[in-house]
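To keep things clear, I will list the structure first and then write my remarks on it.
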Amino acid sequence: MITQVITISIISIIISVGVTLLLPNVLPEAMPFRISNFTIGLYSVIFFVVALVGSLLSMWKINKVDALDAIRGGDE
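Position in the sequence shown (first residue = 1) + 1474 = the working numbering.
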């Protein structure tokens, strides 16, 4: 599961950085759009960390659930 989260996060970051870098070519000259490489890198790292922490928290909760209780419905 962690490998999937890492793969999807990296693909998402690559696509979003690509779109961000192409955005000034699409916007009109009257609408300036400036973003530094540092800002792009910072937000990419933040996105990656949040995705990783979110998946780890989900895995932690799933591991706490007893499979037999989940199958029975937790009635007994």
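C-beta atoms are modelled at their ideal positions from N, C-alpha and C, and glycine is treated no differently.
TODO: My understanding is that Ser1476 touches Ser1529, with C-beta atoms under 8 Å, so please give their C-beta distance in whole angstroms.
DONE: In the sequence shown, counting from the first residue as 1, residue 1476 sits at position 2. In the sequence shown, counting from the first residue as 1, residue 1529 sits at position 55. Per the sequence shown, the amino acid found at residue 1476 is Ile instead of Ser. About 6 Å separates the Cβ atoms of Ile1476 and Ser1529, confirming a contact at the 8 Å cut-off.
Can the beta-carbon of Pro1498 be found closer than 8 Å to that of Phe1512? Within the sequence shown, the letter at position 24 stands for residue 1498. Within the sequence shown, the letter at position 38 stands for residue 1512. Against a cut-off of 8 Å, the Cβ pair of Phe1512 and Pro1498 comes out as no contact.
Q.
Could you tell me the alpha carbon to alpha carbon distance between Leu1516 and Leu1542, rounded to whole angstroms?
A. One-based indexing of the sequence shown puts residue 1516 at position 42. One-based indexing of the sequence shown puts residue 1542 at position 68. Leu1516 and Leu1542: Cα-Cα distance of roughly 43 Å.
query = Which residues in the same chain as Leu1501 place their Cβ atom closer than 6 Å to its Cβ, once the five residues preceding and following it in sequence are excluded?
reply = Within the sequence shown, residue 1501 is the residue found at index 27, counting from 1. Non-local C-beta neighbours of Leu1501 in its own chain, meaning closer than 6 Å and more than five positions away in sequence, comprise Phe1507, ordered along the chain.
DSSP-derived helix/strand/coil call for Glu1509: Your numbering for residue 1509 matches position 35 in the sequence shown. The identity of residue 1509 in the sequence shown is Ile, whereas the question assumes Glu. In the structure shown, Ile1509 sits in coil (DSSP, three-state: anything other than H, G, I, E or B).
- Query: Just reading off the alpha helix (DSSP H) that Ala1504 is part of, what are its end residues?
  - Reply: On the sequence shown, residue 1504 is found 30 positions in, with the first residue counted as 1. Per DSSP, Ala1504 is not a residue of any alpha helix (DSSP H), being assigned neither H nor E.
By how many angstroms is the C-alpha of Ser1490 removed from the C-alpha of Leu1496? Counting from 1 along the sequence shown, the entry for residue 1496 is found at position 22. Counting from 1 along the sequence shown, the entry for residue 1490 is found at position 16. Taking the CA atoms as reference points, Leu1496 sits about 10 Å from Ser1490.
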